[in-house]
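Numbering (this note's numbering), first residue to last: 19 to 149.
All residues carry an ideal CB built from backbone N, CA and C; glycine is no exception.
The structure displayed is predicted, hence computed values, not measured ones.
Structure record follows, encoded as structure tokens.
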């Protein structure tokens, strides 16, 4: 399984795309849930790898091993800019179809929602927001 590395110097879009790419590949290769963190973090290099080693040592000393959902939360907290995410969430809440045809609305919606992980990975929440 050949995957791209993430070094932490990328843009927000690249961080989001990398995380999505890794999750898609792990699902495609049927990586077991308990192995996702171990395999996914092997793709971290440079600044991202240094960050991960700090998170890992602090976490395992107090709470035991980290699971993928917690890794994702930690990754998002570190590599997604909070101000950008706040703006995107506001954009999502204010996004309306208006005069767009459904296909245009859907494209715009999907461009926004990909940056809001709790919506992007939850089909029920995504359907609720798609209005």
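Which residue marks the beginning of the alpha helix (DSSP H) containing residue i, and which one marks its end?
i, result
"residue 105", "100-112"
"residue 135", "135-138"
"residue 126", "120-131"
"residue 117", "Unbroken run through residue 117: none, as it is neither H nor E."
"residue 47", "Note, residue 47: premise wrong, no alpha helix (DSSP H); not H, not E."
"residue 52", "No alpha helix (DSSP H) contains residue 52, which DSSP labels as neither H nor E."
"residue 91", "86-97"
"residue 146", "141-147"
Kindly list the residues whose CB is nearer than 7 Å to the CB of residue i, restricted to its own chain and excluding five residues on each side of it in sequence; keep chain order.
i, result
"residue 20", "Its pLDDT being 49, under 50, residue 20 is placed unreliably by the model, and nothing is read from it."
"residue 148", "127"
"residue 115", "123"
When the Cα atoms are used, what is the spatial distance from residue i to residue j?
i, j, result
"residue 124", "residue 73", "37 Å"
"residue 64", "residue 144", "34 Å"
"residue 34", "residue 92", "13 Å"
"residue 89", "residue 118", "37 Å"
"residue 77", "residue 56", "14 Å"
"residue 25", "residue 71", "13 Å"
"residue 23", "residue 42", "15 Å"
"residue 100", "residue 140", "21 Å"
"residue 51", "residue 32", "24 Å"
"residue 82", "residue 49", "21 Å"
Closer than 6 Å by C-beta to residue i: which residues in its own chain qualify, once you throw out the five before and the five after it? Chain order, please.
i, result
"residue 54", "44, 86"
May I ask you to list the residues that DSSP assigns as paired with residue i?
i, result
"residue 24", "62"
Could you name the residues of the same chain whose beta carbon sits closer than 8 Å to that of residue i, not counting the 5 residues immediately before and after it, in chain order?
i, result
"residue 130", "106, 109, 110, 113"
"residue 27", "64, 65"
"residue 132", "34, 38, 138"
"residue 136", "143"
Could you round the C-beta distance between residue i and residue j to whole angstroms and report it? I think they count as a contact, below 8 Å.
i, j, result
"residue 102", "residue 30", "6 Å"
"residue 69", "residue 96", "6 Å"
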